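Q: Numbering (my numbering), first residue to last: 61 to 564. Even for Gly, the Cβ is constructed at its ideal location relative to N, Cα and C. For clarity, every value in this text was computed on a predicted model and none was experimentally measured. Questions regarding the structure given below will be posed in turn.
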Amino acid sequence: MHPTNSLRAVAALLFVLLLLPVRPALAQTPELEGMESYIRAAMVDWEIPGLAIAVVKDDSVVFARGYGERELGSGEPVDENTLFAIASTTKAMTVAGLGMLVDGGELDWDDPVTEHLPGFQLDDPYVTRHVTIRDLLTHRTGVSRDDQVWIAAPLDRDEIVHRARYLSQANGFREAYRYNNIMYMTAGEVLAAVAGTEWEVFMEERLFGPLNMTRSTPRSAVVETRDNVTSSHVLRDGELMVAGRRDYDALGPAGSVFSSAWEMAQWIRLHLAGGSYEGQRFLETSTLAEMHSPQVVMQIDTTQQRMFPTRNFSAYGLGWRMQDYHGRKVVQHTGSVNYTRTQVGMIPSEGLGVVVMANLNTSQLQTALMHRVFDAFLGLPETDWSSEYLELADRSAARSAAQAEERRESRTEDTEPSLPLEEYVGSYTDRLYGDLQIEMGAGGLVLRYAPEYVADLEHWHHDTFRVVWRNTWLGRSFVTFHLEARARVQTLDLQGFTTFRADR
């Protein structure tokens, strides 16, 4: 971050945090003494406009608060009822819905997907025949991730699931953990087919309503009618800016839910109570235990080894990640979408759970606060987890800056495109991502992929152009054209997307 911009942003955030009213926390316990001041100071360090947190202990919400602003400069405070995009923490909700159908004898975790979605197909015919619901939920199908399909492509969920047949087989089937949002979208379609209703309706009627999560919703249109909703923020070139709230309904079962810290605490209570909530049973204890049981081994990388030297295992269950922490099993998941980030974590043996959500997705403060809460209730020595994770973030930013500098240094100066710009104009297509247009604008070439993905192309070198998205929060990337032997454009490589073929 540019030092001047950084200091200005920090000063503005500090000013906001000092001016916003301080409200008493809900039934704060002695273990959380000092948490208020720690959060406020850490938010300044991370340059986070707004954050909300709730802590559950022994089936009670013992702490629920909001800090900062819903939108930078608005003066509108975040509280425990502010709605945030909870992103991939939605996945466990989809699994819970499927678990209800398992309890009702309507399906089994190990049913072939095609038993319920006869038209479902993956690239490998063997995988298509044998892939099960459990495979979808544990990220072990081995198919490529291709997140830009749901992030940017102008496709609805049905079409994206249909196009799953065009995802490449990146790993062997059931060979390893490979995260995949489109497989969770498919799992939601299985739920809808078996239940005979939309996934959204099932969530609203079978989960959110009975759990008193009355403000939570998986629908973008409903979010726009709600009050007290956070905006998204992104850091671009050292400047904190507001990003537009986007419609991620297609993502649905993999991450479209909006909720609040208070209502997510009710979701946590359900898990800590073994599948019951205020006397009503939602899931059989054995079904919840299956969700919380390791299914696929995850690698413990060198960073985790350094930060958590006592860690012995890391695994993915059904919609949850698991690892040990000082002899206790942690059940947790993060989620990032639309430039917001959420962390949900539980230590079931301690009846302890926490949710932290913030409106800036580059922050790992949410995870740091989860560990601080865990340490407080486990009686462990106090660790400044915010500083630990901030150091990691700084290292990552330094690597990104070095890569950008390396790209600048590798640029070949004083080159021109191989062809007149008009020769690059036309339609390009990919069977997974769909169609892309290159047009001639007043200032040069213009790329159009979807309504929110329109960019001006600035010549970089040879047949590579820098992509400058008109929605400035999207940042920048590169596109390279490749020519065939007859000096006609054959393909277009869009960084972060795929290779589009000229549609002639």
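What is the DSSP secondary structure of Tyr-237, counted as helix, strand or coil?
A: Tyr-237: coil per DSSP, three-state reduction.
Q: I'd like the list of long-range same chain contacts for His-190, defined as Cβ closer than 8 Å, with 5 residues on each side in sequence excluded.
A: Same-chain partners within the cutoff: Pro-172 and Phe-233.
Q: Counting beta carbon pairs with one atom in the stretch 553-564 and one in the stretch 482-493, are three or more of them shorter than 8 Å?
A: At 8 Å Cβ cutoff, the stretches touch.
Q: Are Val-294 and Tyr-449 touching if we call contact CB-CB under 8 Å?
A: Going by C-beta atoms, Val-294 is not nearer than 8 Å to Tyr-449.
Q: What residue from Ser-487, Gln-365, Ala-436 and Glu-299 has the CA that sits closest to Val-116's CA?
A: Per the Cα distances, Ala-436.
Q: Using the Cβ count rule (16 or more neighbours within 10 Å means buried), how would you classify Thr-347?
A: Burial call: buried.
Q: By Cβ distance, which residues of its chain are closer than 6 Å to Thr-246, with the 5 residues on each side in sequence left out?
A: The answer, listed in chain order, is Leu-196 and Val-221.
Q: Determine, using beta carbons only, whether Ala-562 and Gly-486 come nearer to each other than 8 Å.
A: Cβ distance < 8 Å, so Ala-562 and Gly-486 count as in contact.
Q: Quick check on this structure: which residue in Met-351, Arg-366, Ala-321 and Ser-204 has the alpha carbon closest to the alpha carbon of Val-381?
A: According to the sequence displayed, residue 381 carries Arg and not Val. When only C-alpha atoms are compared, the closest one is Met-351.
Q: Checking the sheet assignment: what are the DSSP bridge partners for Tyr-385?
A: Beta-bridge pairing links Tyr-385 to Arg-388.
Q: Would the C-beta of Leu-161 count as close to the ligand GDP, meaning under 7 Å from any of its heavy atoms?
A: Looking at this structure, you won't find the ligand GDP or any other ligand, since it has none at all.
Q: Whole angstroms are fine: how far does the CA of Phe-144 sit from the CA of Thr-285?
A: Going by the C-alpha atoms only, they are around 14 Å apart.
Q: Does the distance from the C-beta atom of Asn-241 to that of Leu-311 stay below 8 Å?
A: Cβ distance < 8 Å, so Asn-241 and Leu-311 count as in contact.
Q: Go ahead and pull the three-state DSSP assignment for Gly-411.
A: Of the three classes helix, strand and coil, the one that applies to Gly-411 here is coil, per DSSP.
Q: Between the C-alpha atoms of Leu-328 and Met-500, what's the straight-line distance to the nearest angstrom?
A: Rather than Leu, the amino acid found at residue 328 in this sequence is Ile. Roughly 53 Å between the two C-alpha positions.
Q: Quick check: the stretch 504-519 against the stretch 448-468, are at least 3 beta-carbon pairs closer than 8 Å?
A: As far as the Cβ criterion goes, the stretch 448-468 does not touch the stretch 504-519, which means the pair count is below three.
Q: Measuring CB atoms only, is the stretch 382-394 touching the stretch 308-324, in the sense that at least three cross pairs come out at less than 8 Å?
A: Contact between the stretch 382-394 and the stretch 308-324 is absent, because fewer than three Cβ pairs lie under 8 Å.
Q: Roughly how many angstroms lie between the CA atoms of Thr-290 and Val-155, to the nearest whole one?
A: Straight-line Cα distance between these residues: approximately 26 Å.
Q: Nearest to Glu-91 by alpha carbon, out of Leu-438, Asn-372, Gln-424 and Pro-185?
A: Out of Leu-438, Asn-372, Gln-424 and Pro-185, Leu-438 has the C-alpha closest to the C-alpha of Glu-91.
Q: If you draw a straight line from the alpha carbon of Val-357 to that of Ala-333, how long is it in whole angstroms?
A: Going by the C-alpha atoms only, they are around 26 Å apart.
Q: By DSSP, does Thr-201 sit in helix, in strand, or in coil?
A: In this structure, Thr-201 counts as coil in the three-state DSSP scheme.
Q: So what's Ala-547 in DSSP terms, helix, strand or just coil?
A: It is coil, neither helix nor strand.
Q: To the nearest angstrom, report how far apart Pro-313 and Arg-225 are at their CA atoms.
A: Taking the straight line joining both Cα atoms gives about 19 Å.
Q: Consult DSSP for His-522 and reduce its assignment to one of helix, strand or coil.
A: DSSP places His-522 in coil when its eight states are reduced to three.
Q: Where does Glu-323 land, buried or exposed, given buried means 16+ other C-beta within 10 angstroms?
A: So Glu-323 ends up on the buried side.
Q: Is it buried or exposed, Gln-181, if we count other Cβ atoms within 10 angstroms and call 16 or more buried?
A: The residue is buried, with at least 16 neighbouring Cβ atoms inside 10 Å.
Q: Under DSSP, the alpha helix (DSSP H) around Tyr-226 begins and ends at which residues?
A: Element bounds for Tyr-226: n/a, residue is neither H nor E.
Q: Quick check: what's the CA-CA separation for Pro-369 versus Gln-383?
A: Cα to Cα, the separation comes out at about 12 Å.
Q: If we count the other Cβ atoms within 10 Å of its Cβ and call it buried at 16 or more, is Glu-264 buried or exposed?
A: Buried: at least 16 other Cβ atoms inside 10 Å.
Q: In the stretch 315-358, which residue ranges form an unbroken alpha helix (DSSP H) of at least 4 residues, counting only runs that do not cross its ends?
A: Counting only runs of 4 or more, we get 321-332 and 345-351.
Q: What three-state label does DSSP hand Trp-380 in the structure shown?
A: In the structure shown, Trp-380 sits in coil (DSSP, three-state: anything other than H, G, I, E or B).
Q: Rounded to a whole number of angstroms, what is the C-alpha to C-alpha distance between Arg-100 and Gln-426?
A: Distance between the alpha carbons of Arg-100 and Gln-426: 13 Å.
Q: Three-state secondary structure (DSSP) at Phe-557?
A: Looking at Phe-557 - three-state DSSP - the assignment turns out to be coil, as it is neither helix nor strand.
Q: My assumption, with CB atoms under 8 Å, is that Phe-262 sits in contact with Ala-253. Please give the rounded CB distance.
A: Phe-262 to Ala-253, Cβ: 11 Å. No contact.
Q: Answer yes if the stretch 127-145 comes into contact with the stretch 465-476, meaning at least three C-beta pairs across the two stretches below 8 Å, and no otherwise.
A: No, the stretch 465-476 does not touch the stretch 127-145.
Q: Of all the options Glu-451, Phe-538 and Thr-363, which has the alpha carbon lying nearest to the alpha carbon of Arg-471?
A: Measuring from the Cα of Arg-471, the nearest candidate turns out to be Phe-538.
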